[in-house]
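Positions 415 to 555 (our numbering) are the ones given, in order, by the sequence shown.
We treat Cβ as the ideally placed atom computed from N, Cα and C, and that holds for glycine.
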Amino acid sequence: MLAGTEVPITCSLAYAPPEVVHLIQDGEQKMVADKSTDMWALGVIAFEMLTKSRVFSTATSSPEQAMRQLCGLDPLPWEDGAEGAEEKLQMLKGLRPAVLRCLARDPKARPTASGVQRLLGDVFEVSAGISQFDVVAQPAI
């Protein structure tokens with residue numbers, strides 16, 4: 415799918431960004447493809463991997479509750495006011511800035527793929543205390 419192309423709306427609510435949920439609620443059946451929707455899904459996947467919990471668990475929330483959260487009527491699991499939000503944010507550790515940027519409600523505030531790469535590169539360089547140019551191959555013993 416090319417960015418800027420009009421496509422039918424087909425999505426899993428668990429990975430749908432807020433702007434797509436708004437379109438669905440407005441009765442729209444098509445949307446213009448945008449790379450920011452992929453960045454939202456990347457953020458959801460990263461959040462789930464790092465916190466070991468679903469963003470929208472069928473055990474704890476209904477589709478209606480998920481839509482309320484995505485539309486900003488209730489806090490998302492990582493936002494102030496959500497049960498366990500601070501604990502989940504702590505689990506993101508150094509990746510927190512990159513993950514939360516991907517999960518911005520405003521699609522224009524989400525990073526591009528190269529922006530995510532830069533954010534992650536910064537995290538790994540800082541956590542390792544080295545730059546990519548400091549890595550030297552060790553001889554096999």
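Query, Result
"Ignore the nearest five residues each way along the sequence and tell me which others in Trp454's own chain have a CB closer than 7 Å to its CB.", "Pro431, Cys516, Leu517 and Arg524"
"Could you give the residue range of the alpha helix (DSSP H) that holds Val513?", "Arg510 to Cys516"
"Looking only at its chain, what residues have a beta carbon closer than 7 Å to the beta carbon of Ala496, apart from the 5 residues adjacent to it on each side?", "Pro489 and Leu490"
"On a CA-only basis, which of Pro422, Ile438, Lys466 and Val458 is nearest Ala512? Give me that one, please.", "Val458"
"Which value, in whole angstroms, describes the spacing of the CA atoms of Gly535 and Leu509?", "10 Å"
"From Val537 to Arg482, what distance separates their C-alpha atoms?", "32 Å"
"Along the chain, where does the beta strand (DSSP E) containing Lys444 start, and where does it finish?", "Lys444 to Val446"
"Could you tell me which residues DSSP pairs with Trp491 in its beta bridges?", "Here residue 491 is Pro; the residue named in the question, Trp, does not match the sequence. Answer is none; Pro491 lacks a bridge partner."
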